[in-house]
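S.K.: These protein sequence lines are chains A and B, in that order.
Residue numbering for the first sequence follows the numbering used here, beginning at 163 and increasing consecutively.
Residue numbering for the second sequence follows the numbering used here, beginning at 6 and increasing consecutively.
Ideal Cβ placement from N, Cα and C applies to all residues, glycine included.
Only a predicted model underlies this, so the values are computations on that prediction, with no experimental measurement involved.
Sharing a structure with you now.
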Amino acid sequence: MSIRLDPDVLPNLLVALQQANQNETTASQQVATGRGVNQLSDNPAAEAELVANANQSSEDDQYLQNAGTLQAKFQVADSTLDDVVTALTRAISIGTEGANGTLNAGDRQAIASEVQGLITQTLGLANTTYQGTYIFAGTAVNTQPFVQNATTGAVTYAGNNGTTSVELSNGNSIGANLPGSQLFQNAAGSAFQSLQDLNTALLSGNESSIGTAVVEVQSALTQVSTNQVFYGNALNQISSTDSFLNQDQLNLSSQENTLVGIDPATAASNFSESQTAQQSLLDATAKVLGLPNLFNYLAP
Amino acid sequence: MGGLSAALNISVGALQVDENALATSSNNVANVDTPGYSRQVANLVETAPITLGNITFGTGVGLQSVTSTRDSILDLRVNQETQQQGQLDAFIGAGQQIQSLFDQTSGAGLQGPLTAFFNSLSQLSANPSDTNTRQAVLTAAQNLATAFNQSSVNLSTLQGSTDQSVTQTVGQINTLTAQIAAVNTQISGTTGAGQNPGPLVDQRQLLINQLSNLVDVSEINAGNNSLTLTTSSGAPLVVGGQSFALSTQVNAATGQQDVFSQGTDITTKITSGQLAGQIQIRDQEIPALQNSLDTLAFNFANAVNTQNEAGFDLNGNAGGAIFVPPTAQASAAAGLTVAITNPALIAASQDGTTGDNANANALLALQNTNIVSGQTPLNYYSGIVFKIGNDVSSAQTSEQTGSAVLQQIQNLQGGVSGVSVNEEAANLIRFQSAYEASAEVSNAVNTLLQDTIGILGAA
């Protein structure tokens, strides 16, 4: 005698139908969300990696934003220094003219007063603010860094020598400022002192003093130009970091897709497969349940 | 004794037996969809023969008994698997609610607020003296604290509702054990009178199966078809006609309901069934998670506070705590609060100058520092996410395997006990034909008797 099978096929069919229904729900969820992983238990490892992925992507956003902030500030600093260079170049040019022996005292006085104007202009430039803070004051950003003595005309530095650095990307920091003392009161060439000396020499009319002062201004100019490179380099670094961060975000997004995403074609095919499976199961169920039994054949 | 009257007795006896056999088939057909019903078989036997002289005559057919067809081993296996499934289903049900609180793909959980807090410090580093940027740090700290609070509260709420489920399940267990005890008593009664206890056993098996879904049940046959049921650790549930109710009582230490049997706390000894799954969620899964969140909140808040205290605020004063320092690790997540409202108090500076950002950088560096159990805050959190998902996923895998096994055993059980309509139809035809044949025999004997009486009358 063969083994007696369970005559009631309905429970098995119902389980199969339930499973098919669940598969269809999962497949439709995948199509709707574009993700193959829709809850932690679908793929715990991928979800855990996604935590780091989302964090990095969001950090990159912040880095890009910081880069934007720094870029704007550096551009202001850079163009300010351009103006300083122009002023110092003008001082050298008119200073050299003032050293010419053919000039009279009146001419030199006129030049001296232009130098005075250049001092005032440079002072303004050295005290440039960006978003309410002084950009050449070291870390004493709320203190006006360069102050001119009303009587002697001498300019003193009230800022400090503090520097800051800001992270541009993971583990990659960039200097965020140059103290004004380094730019305008460098031991190797002080812009304010040299202009002041030039002014004094012009007023004194001593040609050799004027010549010496012009050389001083040239040294000061060299210092400003040399240090200005800092901003140029920083802007370049920001721009290349920007490209890196944008690329990193693309990589992260592609990694996210690998972790929890699903290829639309696969999702669509899963969905249609699950529908077909469910449809054929429904057909089968209807047929099995509609099968006649022996009672149907008994004479009435 | 042979003869016509013997033949008549045999055919009349056969008519009765066939009627009863038809009734049995009819009962089977009637109960084809009744849960727990085992098909019944009418057991026909030859009645005792009679010997006259050298000749032995049959005396017809008798109905020895009507028995229910069941395999107690399969019943037992079904109950065992049902216990496992009950536990896993309860665990998965609550586990899915837990995991949705930390679902990274839908943006739930702590990663967002945690990253946002460090990003606000990154922004502060680029613009350390700006009040709006400082305010953003405070807002991010506030959001993070709220996220910690909310996660912890959500877990506590879930724990509370699971605790209620435990009490409800215990109530259901008590109802079932009382019913089983009552059926046990009835079964002992029928067995004594030599009747078929089948339908009552069906009923009891159905009740035990329902009980198995709720708690681990160990069956001991107490003889006389009576059963003793205990939990697998030996706590009595039903002994013969008596049921032993489980009770719940608040545990002062945890605030949760402990399960007691006869004055003994058996909470930790319940190994399967829904009750075990609920207790597992309530007493292990959720507390472990809370503990992880507390560890994260406690170490994070302390590290941030310590670093902020190492710097100087916008006014040049030494920094203070950003978060109210947690008094203990326990409940640190639920109690995490921001201590300051003045954005100037964030200590971005290391040397006291307003434009310095060295301490903001140091605060930011905590993001990549192993400050929580030897891990960075985010890695630690990502470990939590993995654990929740993995616990649910493992339970789901076991549930699927178990479900296939259960279905298989149920198929086997159905093979033994299930009613086949075709089989019953065949039996009906068979008994109907037999009945008709016996009726014809009676008719023939009757005719013969009439003939005999007629002959005698004519003589």
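Could you tell me if D299(B) is buried or exposed, where buried requires 16 or more neighbouring beta carbons within 10 angstroms of its beta carbon?
M.R.: buried
S.K.: Buried or exposed for D456(B), going by 16 or more other Cβ atoms inside 10 Å?
M.R.: exposed
S.K.: Let me see if you follow: with CB-CB separation under 8 angstroms, is G300(A) close to chain B or not?
M.R.: yes
S.K.: Please classify D135(B): does DSSP put it in a helix, a strand, or coil?
M.R.: coil
S.K.: From this set, G98(B), T233(B), I458(B), A335(B), which residue's C-alpha is nearest D396(B)'s C-alpha?
M.R.: G98(B)
S.K.: Go through its chain and collect everything with a Cβ distance to T174(B)'s Cβ below 7 angstroms, but skip five positions before and after it.
M.R.: So the list reads L219, Q279, L280, Q283, once near-sequence residues are dropped.
S.K.: Is it the case that the Cβ atoms of F354(A) and V317(A) are separated by a distance below 8 angstroms?
M.R.: yes
S.K.: Using 10 angstroms around the beta-carbon of P330(B), count the other beta-carbons present and answer buried if the total reaches 16, otherwise exposed.
M.R.: exposed
S.K.: Considering only C-alpha positions, which residue in the set N389(A), A429(A), Q409(A), T438(A) is nearest to D223(A)?
M.R.: Q409(A)
S.K.: Taking the beta strand (DSSP E) that I467(B) belongs to, which residues open and close that run?
M.R.: Past the edges of chain B, shown from 6 to 464, lies residue 467(B), and the structure says nothing about it.
S.K.: Can you check whether the CB of A312(A) is closer than 8 angstroms to the CB of T305(A)?
M.R.: No, the Cβ-Cβ distance between T305(A) and A312(A) is not below 8 angstroms.
S.K.: Since G394(B) meets chain A, which of its residues come closer than 7 angstroms, beta carbon to beta carbon?
M.R.: By Cβ distance, chain A contributes L202, S203, P206, E209.
S.K.: Quick check: the region 401-417 of chain B against the region 416-430 of chain A, are at least 3 beta-carbon pairs closer than 8 angstroms?
M.R.: The region 416-430 of chain A makes no contact with the region 401-417 of chain B, as fewer than three CB pairs between them are under 8 angstroms.
S.K.: Excluding sequence positions up to five away, which residues of its chain have a Cβ less than 7 angstroms from the Cβ of Q233(A)?
M.R.: Scanning its chain for C-beta atoms nearer than 7 angstroms, with the 5 sequence neighbours on each side dropped, one finds around Q233(A) the residues L397, I400, in chain order.
S.K.: Name, please, each residue of chain A whose Cβ falls closer than 7 angstroms to the Cβ of N427(B).
M.R.: N455, L456
S.K.: For G373(A), which residues in the same chain have their Cβ closer than 6 angstroms to its Cβ, ignoring the five residues on either side in sequence?
M.R.: A261
S.K.: For N106(A), which residues from the same chain have a beta carbon less than 7 angstroms from its beta carbon, with the 5 sequence-adjacent residues on both sides left out?
M.R.: Residue 106(A) lies beyond the stretch modelled for chain A, which goes from 163 to 462, so this question has no answer here.
S.K.: By alpha-carbon positions, which one of Q441(A), Q278(A), N419(A), K449(A) ends up nearest to A216(A)?
M.R.: For the residues Q441(A), Q278(A), N419(A), K449(A), the minimum Cα distance to A216(A) belongs to N419(A).
S.K.: With DSSP collapsed to three states, give me the class of L294(B).
M.R.: helix
S.K.: So what does DSSP say about Y296(A), is it helix, strand or coil?
M.R.: strand
S.K.: For the beta strand (DSSP E) that contains F308(A), what are its first and last residues?
M.R.: 308-310
S.K.: At a Cβ cut of 8 angstroms, what residues of the region 298-330 of chain A count as close to chain B, listed as they run along the chain?
M.R.: A299, G300, T301, A302, V303, N304, N322, G324, T326, S327, V328, E329
S.K.: Measuring straight from C-alpha to C-alpha, what distance separates Q102(B) and S219(A)?
M.R.: 27 angstroms
S.K.: Roughly how many angstroms separate the alpha carbons of D170(A) and V424(B), rounded to a whole number?
M.R.: It is roughly 8 angstroms from the alpha-carbon of D170(A) to the alpha-carbon of V424(B).
S.K.: Report the three-state DSSP secondary structure of G324(A) (helix, strand or coil).
M.R.: coil
S.K.: If contact means a Cβ-Cβ distance below 8 angstroms, which residues of the region 216-248 of chain A contact chain B?
M.R.: The region 216-248 of chain A vs chain B, Cβ under 8 angstroms: A216, N217, S220, E221, D223, Q224, Y225, Q227, N228, T231, L232.
S.K.: Look at the alpha carbon of T342(B) and the alpha carbon of Q147(B), and state the distance between them as a whole number of angstroms.
M.R.: 7 angstroms
S.K.: At a CB-CB cut-off below 7 angstroms, which residues of chain B make contact with I464(A)?
M.R.: As displayed, chain A neither begins before 163 nor continues past 462, which places residue 464(A) out of reach and without an answer.
S.K.: Taking only beta-carbon atoms, is D23(B) less than 8 angstroms away from chain A?
M.R.: no
S.K.: Any Cβ of chain A within less than 8 angstroms of the Cβ of M6(B)?
M.R.: Here M6(B) scores only 49 on pLDDT, less than 50, and its place in the model should not be relied on; the value that follows carries that caveat. No, no contact with chain A.
S.K.: According to DSSP, is S336(B) part of a helix, a strand, or is it coil?
M.R.: coil
S.K.: In the region 36-101 of chain B, which residue ranges form an unbroken beta strand (DSSP E) of at least 3 residues, counting only runs that do not cross its ends?
M.R.: Unbroken beta strand (DSSP E) stretches of 3 residues or longer found wholly inside the region 36-101 of chain B: 45-51, 55-57, 60-62, 66-73, given in chain order.
S.K.: Rounded to a whole number of angstroms, what is the C-alpha to C-alpha distance between T269(B) and L211(B)?
M.R.: 28 angstroms
S.K.: Does the distance from the CB of G360(B) to the CB of T295(A) come in under 8 angstroms?
M.R.: yes
S.K.: How big is the Cα-Cα spacing for A12(B) and V450(B)?
M.R.: 7 angstroms
S.K.: Shortest alpha-carbon distance to T52(B) belongs to which of G65(B), S166(B), I351(B), Q88(B)?
M.R.: The candidate whose alpha carbon is nearest that of T52(B) is G65(B).
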